[in-house]
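Report on one structure; see the data block that follows.
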Amino acid sequence: MRHIISILLENEAGALSRVAGLFSARGYNIETLTVAPTEDPSLSRLTIVTSGSDEVIEQITKQLNKLIDVVKVVDLSEAAHLERELMLIKVRASGKDREEMKRMADIFRGNIIDVTETTYVIELTGSGSKLDSFIQAINRDLILETVRTGVSGIGRGDRILKV
Amino acid sequence: MMTGAEIVIRCLQEEKVEYVFGYPGGSVLHIYDELFKQDKIKHVLVRHEQAAVHAADAMSRSSNKVGVALVTSGPGATNAVTGIATAYMDSIPLVVISGQVPTSYIGQDAFQECDTVGITRPCVKHNFLIKDVRDIADTMKKAFYIANSGRPGPVVVDIPKDVTAAKCEFAYPQEIHMRSYNPVVRGHSGQIKKAVQLLLKAKRPVIYTGGGVVLSDAAPELTALVRRLGFPITNTLMGLGGYPASDPKFLGMLGMHGTVEANLAMQHCDVLLAIGTRFDDRVIGNPENFSSVPRKIIHVDIDPSSISKRVRVDVPIVGNVRDVLEEMLKLLEDNQPKADISAWWQEIEGWRSKQCLKYRSSDEIMPQYVIEKLWEVTRGEAIVATDVGQHQMWSAQYYKFDTPRRWLTSGGLGTMGVGLPYAIGASLANPDRAVACVTGDGSIQMCIQELSTAKQFGLPIKIINLNNRYLGMVRQWQEMFYSRRYSQTYMDSLPDFVKLAEAYGHVGIRVEKSEDVEPALRKAFVEHKDDLVFLDIRTCREANVFPMVAAGKGLSEMILADEDL
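Same order as they appear, the protein sequences are chains V and D.
The numbering of the first sequence is the numbering used here, which starts it at 1 and goes up by one.
The numbering of the second sequence is the numbering used here, which starts it at 164 and goes up by one.
Okay, structure coming up:
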């Protein structure tokens, strides 16, 4: 089962590698990992997408909590939550493809943020599956480059992860 | 104003550190200079950094103080890794200070540079790289606090040379608060109540305890609980001494080389109370086989991640073992009725009557006999450090530990070579107690250079070398599972251990006949009380450790000695 785990981490040198090292040392998998400082610069917020049985996910959260630099851990996917991912995709946009690509970007509520005579860079946010569907919807041969941030997640309503 | 090096030493003094085990080198020169200028902390110069960490580890194991090791950068730190990983696997509190190349050299592939924090990260409870002299005092305080609280473990503090030369004001913090680290102490009262109810109703109960009882100094509480309930109890390898082994309620050690009565009681109980232990593969064997028999499991441990890791438990209690046991005892004070377990005891006595630790007598020296005699000669009161292998299992099976912190062995990592450094650390921490190092001809050679350290500090350790000219435990597996193809387990070209001991300035005695074992032990422990004595005991070459649960098998699938005779 896919889980989204959110972590508040001391924003210190080496803290991220403790988290990443834990996953590799214990054989857990990381599908995506995003990290950046929060409004309190002494704290980083991580979102990790992982998968495993309930037992494995239980161990992952317990092991994460054991790391000295980890302040808080929550399994976002246990309750109502939002997830978003950002993708920048560079596509060929010339001739008849140029108009079609613009239309697809509009349908998926993407923004074209860079334009040349032959290419667009489209900015797209949404759930991971929305980004996947965009890639499937356009002609594969036109994709020059994609870069995705991985999932960022947050709880809905009163679910707040804070110190 | 003080230099960073002075501050490091002052912090150690504030922590009442008596001994530092270490080895000097370029990056720690400033610190060694400060050590030289004071006389509160004694430094023990080892012959290899691995031994420094093992000896510091033994100081923690045998005395409940936090051991401290000091090593230089690069090879000093990498040599320390085996010691750190050994302590980590057994949850031993430890502070290891390593020198680092100057801050501006870090990442430049400088002489004797290595990424110590990176290399040790997976085998420490936590580690620090100090980049500012003003952080030393706080970091040292945190290091001791983290090492010795919650589930204990080793902490590495890496200090670049320029930081030890820089100056600032010194103030040692009295307390430390970390928002990200708040270990749980008290167990959940509701869960403890539930556990007690379950225990009172149990018809076939067993108490199974591990190193957590020793680490939290809960042996008296555990003994009181067993007395109150009258339940059978078994210890893991790490838990030996947590309950008096000479008491009839004690079933012996359980696990791969556990007794028949302990393993079968584990397998067939209806309520299992597991305390400070982690159901590891050497203890319960195959978890599927273990779980094939229904039973209720109560698990007390300070580390939540130990609970339901390998075996699902019914009543988890996260908390410090001693605090939880105290609360259980309080709930049991008003003498509620408990189920009759006499039928269960009868069944256990039936298993016990098999006398699974009986071994064949022989003209040769049987290694089990040596341990029995060691127990007699030392009246069961010695500190016994072991290495890893057959001799370790025989020591666990035949030396009856009645008190905690007298049994020093590498349980989790299984590190050959710990025995002599462990004996050194234990001997310094317990100068009035006899210290034996039970070892084998393979293990002793992994840290044999420490005979020199023992000489320098006049440590009257008794080395009991069960010399079978084989790497015995590996040979046993090859005999049983590889059709006796003894691949690389014959120890060719062994040194003359007697002469070797003498070369280091110690007393060496060779023992070749059974009837000489006891007199030789008496000679070592009485006549040569104040000397290091190396007893090279030529034992039966192909003696095996029984009972045995083969790797991947269940606890009920034991191989017994009888089948071998």
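Glycine included, C-beta positions come from ideal geometry on N, C-alpha and C.
Cross-chain neighbours of residue i in chain V, by beta carbon under 7 angstroms
i: ILE309/D; result: ILE68
i: SER343/D; result: GLU10, ILE68, ASP69, VAL70, VAL71
i: PRO336/D; result: Going along chain V, no residue has its Cβ under 7 angstroms from PRO336/D, so there is no contact; the nearest lies around 17 angstroms.
i: VAL280/D; result: GLY14
i: HIS289/D; result: ILE68
Chain D residues whose Cβ lies nearer than 7 angstroms to that of residue i
i: ALA25/V; result: PRO285
i: VAL163/V; result: ARG342
i: GLU18/V; result: Here the sequence assigns Arg to residue 18/V, which means Glu is not the residue at that position. The contacting residues are ARG284.
Span separating the alpha-carbon of residue i from that of residue j
i: ALA168/D; j: PRO457/D; result: 58 angstroms
i: ARG367/D; j: MET429/D; result: 10 angstroms
i: SER190/D; j: PRO315/D; result: 28 angstroms
i: ARG542/D; j: PHE688/D; result: 11 angstroms
i: ASP158/V; j: VAL74/V; result: 14 angstroms
i: LEU86/V; j: GLY439/D; result: 46 angstroms
i: LEU124/V; j: ASN111/V; result: 7 angstroms
i: ILE792/D; j: ALA408/D; result: Past the boundaries of the shown model lies residue 792/D; chain D is included only from 164 to 728, so the question cannot be answered.
i: ARG632/D; j: ASP655/D; result: 7 angstroms
i: ASP727/D; j: GLU535/D; result: In this prediction, ASP727/D has a pLDDT of 47, which is less than 50 and means its spatial position is unreliable; what the coordinates show is noted afterwards. Roughly 21 angstroms between the two C-alpha positions.
i: ILE309/D; j: THR235/D; result: 22 angstroms
i: ILE504/D; j: GLU510/D; result: 10 angstroms
i: GLU539/D; j: ASP595/D; result: 19 angstroms
i: LYS130/V; j: ASP54/V; result: 26 angstroms
i: ASP298/D; j: PHE333/D; result: 10 angstroms
i: VAL296/D; j: VAL348/D; result: 33 angstroms
i: ALA15/V; j: LEU43/V; result: 11 angstroms
i: VAL115/V; j: GLY270/D; result: 41 angstroms
i: GLY128/V; j: GLY21/V; result: 25 angstroms
i: ALA240/D; j: ALA273/D; result: 15 angstroms
i: PRO285/D; j: ILE255/D; result: 15 angstroms
Inter-residue CB distance, residue i and residue j (contact presumed, cutoff 8 angstroms)
i: VAL71/V; j: LEU9/V; result: 7 angstroms
i: ILE624/D; j: VAL598/D; result: 5 angstroms
i: MET579/D; j: MET556/D; result: Actually they do not touch by this definition, with Cβ atoms about 13 angstroms apart.
i: CYS277/D; j: GLY237/D; result: 5 angstroms
i: ALA592/D; j: SER225/D; result: 5 angstroms
Residue-level contact to chain D via CB, residue i, 8 angstroms cutoff
i: GLU100/V; result: no
i: LYS62/V; result: yes
i: SER53/V; result: no
i: GLU58/V; result: yes
i: GLY21/V; result: yes
Cβ shell of residue i (< 8 angstroms), same chain only, five flanking positions each side left out
i: ALA232/D; result: VAL183, PHE184, GLY185, GLU212, ALA215, VAL216, ALA218, ALA219, ALA243, GLY246, LEU257, VAL258, VAL259, ILE260
i: GLN499/D; result: LEU363
i: VAL423/D; result: TRP514, ARG515, LYS517, CYS519, PRO710, MET721, LEU723
i: VAL171/D; result: ILE194, GLU197, ILE260, ILE299, MET303, ILE322, THR327
Beta carbon proximity, residue i to chain V, threshold 8 angstroms
i: LYS472/D; result: yes
i: PRO467/D; result: yes
i: GLY374/D; result: no
Neighbourhood of residue i by C-beta, 6 angstroms cutoff - its chain only, sequence neighbours within 5 removed
i: GLU675/D; result: ARG701
i: GLY448/D; result: VAL712, LYS716, GLY717, LEU718
i: GLU338/D; result: none
i: LYS304/D; result: PRO336, ILE339
i: LEU494/D; result: VAL359
i: ILE672/D; result: ALA683, LEU698
i: ARG445/D; result: GLY418, MET419
i: PRO265/D; result: PRO323, LYS324, ASP325
Proximal residues to residue i (C-beta, below 7 angstroms), its chain only, five neighbours per side dropped
i: GLY153/V; result: ILE4, SER6, THR47, LEU76, HIS81, LEU82, GLU83
i: HIS554/D; result: PRO530, VAL601, THR602, GLY603, LEU629
i: PRO467/D; result: VAL481
i: GLU489/D; result: GLU384
i: ARG647/D; result: GLN641
i: PRO41/V; result: ASN11
i: LYS203/D; result: GLN176
i: GLY375/D; result: ILE438, GLY439, THR440, ASP464, ILE465, VAL484
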